[in-house]
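Below is one structure, written out as structure tokens; comments come after it.
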Amino acid sequence: TEALSYLRGNDYLYHVVPVALCQAGTLALGNATYLHFGVGMVQMLKAGTPIFVLLTLVMLRLESPSMIRTMFVSLITVGTFITAGTTPQWNWTGLTLSLGAMITEALRVGLTQFLLRSCKFSVTEGQYVLAPTVSLALLVASLTIEGQDVLSIEALSKVIEYPHLFLFAACLGTVVNYSSLYPTLMAVQARWLRLQSAKSSKGFAVAATAKLQAPLIQVERVDPGPGSGRALKRKYGPSSWDGQVPWERGSMIVPQVAESDVEEFIQQELDSFAPMTPRPLTMQEVLDMLDPQRIAKFLHVEVPIRIAERIRWIREIRNWQEIPELVEIEDAHVNVYLACVNMKSGAAAPLAGIVDPDCDVAQICRETAMHVQEITEEHTGRTPKIEVKEFHDKAVPRFSYIPGFLRFIMTEVLKNSCRATAEVAKSDREVQKRPIEIIVCADDHEVAIRVNDRARGIPFGVGQKVWSYLYTTANKDKSISYATTATSLAGYGIGLPLSRLYARYFGGTLKLVSLPGYGTSVDLFLRRVNSKQVEIVPDNDN
1 TEALSYLRGN DYLYHVVPVA LCQAGTLALG NATYLHFGVG MVQMLKAGTP
51 IFVLLTLVML RLESPSMIRT MFVSLITVGT FITAGTTPQW NWTGLTLSLG
101 AMITEALRVG LTQFLLRSCK FSVTEGQYVL APTVSLALLV ASLTIEGQDV
151 LSIEALSKVI EYPHLFLFAA CLGTVVNYSS LYPTLMAVQA RWLRLQSAKS
201 SKGFAVAATA KLQAPLIQVE RVDPGPGSGR ALKRKYGPSS WDGQVPWERG
251 SMIVPQVAES DVEEFIQQEL DSFAPMTPRP LTMQEVLDML DPQRIAKFLH
301 VEVPIRIAER IRWIREIRNW QEIPELVEIE DAHVNVYLAC VNMKSGAAAP
351 LAGIVDPDCD VAQICRETAM HVQEITEEHT GRTPKIEVKE FHDKAVPRFS
401 YIPGFLRFIM TEVLKNSCRA TAEVAKSDRE VQKRPIEIIV CADDHEVAIR
451 VNDRARGIPF GVGQKVWSYL YTTANKDKSI SYATTATSLA GYGIGLPLSR
501 LYARYFGGTL KLVSLPGYGT SVDLFLRRVN SKQVEIVPDN DN
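According to the UniProt record's numbering, the sequence shown is numbered sequentially starting from 1.
Below you can see the structure in the form of structure tokens.
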């Protein structure tokens with residue numbers, strides 16, 4: 001019932017019924033072939049089925065066979081038909097029926113793969129889904145073709161007279177049919193054993209990971225229950241793959257991992273995804289994914305595989321840990337993951353998309369200050385001193401805002417102050433005597449940030465040019481060298497006006513006051529969200 005809950009209405013009609021009709025067509029055409037060919041001739045022609053299966057999978061974009069594989073399959077098939085054509089029993093009617101049986105069998109295989117991939121069924125689940133419709137189609141085909149003959153020879157009376165023989169034949173047929181699954185199961189088991197071997201060789205075997213608690217790395221697949229919001233969980237631990245074929249994977253609950261064990265957990269996950277390769281998509285397949293549920297299922301399967309592959313590429317770079325940009329990217333993603341874990345455990349406020357309902361302004365200012373200090377030291381060789389002071393009596397400077405926008409604004413403002421301070425000071429000692437001060441305060445309506453520096457202010461006569469997107473005070477020769485680095489200190493002229501634009505977009509303001517000969521003060525006011533700032537979306541129903 002759980003498997004059938006995925007297919008309702010048109011989905012069942014489009015995915016299951018064609019498979020049943022193809023299987024019934026294979027039975028009908030295959031049995032009709034025996035009226036024109038002998039048993040040996042029929043079995044010989046069946047050897048040509050692989051080429052039709054291969055061609056069908058290629059046309060359905062399910063397989064991309066190598067040239068060698070195609071050549072060998074074609075050679076076997078051509079040889080089979082040449083041999084069959086030299087036999088005395090050769091006739092076009094029997095050949096047509098045999099070709100029809102092979103084509104319908106190839107279509108059945110391809111459509112079954114579509115069913116398994118699109119609905120993420122396991123092989124067993126697929127059997128439960130297909131069994132009722134396939135059985136009905138086979139029964140109708142059998143009665144249509146052989147019903148008259150069965151009644152004429154009183155076949156039912158023979159079944160009653162010799163039940164043990166028919167029971168033995170049924171059991172033997174079941175064994176033969178399910179034996180075709182043996183190679184698939186062996187392949188899955190072999191991949192699982194290779195995975196365990198890789199983990200053991202690198203010290204990441206599940207039994208040896210004492211630091212990672214077993215319940216914390218248990219990954220679950222969550223599937224929607226039929227008709228209700230209830231979630232059905234299937235555990236596939238200890239890793240998120242554990243030898244499953246790709247279409248068995250579903251959405252995963254984020255495992256809780258201690259911060260000290262993140263590196264070990266990442267390597268374990270990389271080993272889990274190592275046997276998998278991203279499946280390329282054609283434009284037609286992308287256009288076919290118009291159903292949100294189908295898109296979600298595809299992303300849950302393919303995105304982790306692609307991310308794991310990119311991480312492996314980065315880690316294959318020699319001494320990648322010594323490249324600051326790569327380390328910064330990995331640390332950022334690890335922090336996001338840890339934030340998700342904390343969010344799940346209730347240790348942190350959840351994010352609403354890119355909006356943080358409890359944005360800590362002072363903390364963002366501290367992080368941005370450290371980042372800008374590193375940039376300034378890289379470009380000028382000096383590190384200006386930055387002090388962050390937080391003042392609050394009743395209202396705490398935390399509110400709902402987009403942290404990315406606030407980081408951009410503070411980065412651009414601090415870059416200007418740090419660059420000016422580093423250029424004005426004649427020595428490192430003088431740099432320390434010109435600290436940059438950040439003041440964070442708030443009330444019930446606004447959050448305010450003031451940045452004061454002592455870099456002698458903006459040159460006289462510049463005026464409103466600082467708000468121009470084409471104006472910059474940076475040296476042009478230096479700006480070219482800055483532009484070749486990962487993060488420019490100055491030179492483009494868009495930082496300050498773009499920061500004011502970001503502030504105004506959410507109802508805030510950014511003001512600049514220059515005291516000639518002393519320094520510059522930048523005041524940033526950010527409004528707390530209230531009902532007047534919420535956009536009213538028109539209701540199409542009214």
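Note that beta-carbon positions come from the ideal geometry of N, C-alpha and C, so glycine has one too.
Model, not experiment: these values are computed from the prediction.
Quick one: what does DSSP say residue i is sitting in, helix, strand or coil?
i	result
Lys-211	With a pLDDT of only 34 at Lys-211, under the threshold of 50, the placement of this residue in the model should not be trusted; the figure read from the coordinates follows. Coil, per DSSP.
Ile-436	strand
Leu-326	helix
Tyr-14	helix
Leu-167	helix
Ser-499	helix
Asp-428	helix
Tyr-469	coil
Asp-331	helix
Ala-141	helix
Phe-506	coil
Tyr-128	helix
His-36	coil
Thr-376	helix
Met-102	helix
Met-370	helix
residue 548	Given that the chain is displayed from residue 1 to residue 542, the structure contains no residue 548 and the question cannot be resolved.
Asn-416	helix
residue 616	Residue 616 lies beyond the range of the chain shown here (1 to 542); nothing can be said about it.
Specify, as a first and last residue, the run of the alpha helix (DSSP H) that residue i falls within.
i	result
residue 552	What is shown of the chain runs 1 to 542, which leaves residue 552 out entirely.
His-300	292–315
Thr-383	Counting along the chain, Thr-383 falls outside any alpha helix (DSSP H), and DSSP gives it neither H nor E.
Asp-271	262–273
Pro-50	49–59
Pro-459	Careful: Pro-459 lies outside any alpha helix (DSSP H) and carries neither H nor E.
Gly-40	39–46
Asp-288	283–288
For the beta strand (DSSP E) holding residue i, just list the boundary residues, first then last.
i	result
Asp-356	356–360
Ser-400	398–401
Give the DSSP bridge partners of residue i, in chain order.
i	result
Thr-520	Ser-514
Cys-441	Ala-448
Val-388	Ile-438
Ser-408	As written in the sequence, residue 408 is Phe, which differs from the Ser given in the question. Answer is none; Phe-408 lacks a bridge partner.
Arg-527	Glu-446
State the Cα-Cα distance for the pair residue i and residue j, rounded to the nearest angstrom.
i	j	result
Ser-201	Ser-521	Unreliable placement is indicated for Ser-201, whose pLDDT of 43 sits below 50; no coordinate value is reported for it.
Leu-526	Glu-377	30 Å
residue 551	Asp-271	With the chain covering 1 to 542 only, the question about residue 551 has no answer from this structure.
Val-286	Tyr-502	35 Å
Ala-348	Cys-359	The pLDDT assigned to Ala-348 is 48, lower than 50, so where the model puts this residue is not dependable, and the model offers no usable value.
Thr-77	Leu-143	32 Å
Ile-295	Ala-32	42 Å
Val-372	Thr-112	57 Å
Thr-380	Val-462	24 Å
Ala-308	Leu-29	47 Å
Lys-511	Phe-391	20 Å
Pro-357	Ile-103	59 Å
Leu-13	Glu-328	50 Å
Trp-467	Pro-497	5 Å
Met-71	Leu-54	11 Å
Met-44	Gln-127	28 Å
Pro-324	Val-17	56 Å
Arg-407	Val-440	14 Å
So is residue i buried or exposed if we call it buried at 16+ other beta carbons inside 10 Å?
i	result
His-164	exposed
Glu-269	buried
Met-41	buried
Tyr-518	exposed
Lys-415	buried
Asn-319	exposed
Gly-508	buried
Asn-452	buried
His-15	buried
Asp-443	exposed
Phe-52	buried
Cys-171	exposed
Ala-20	buried
Thr-282	exposed
Leu-524	buried
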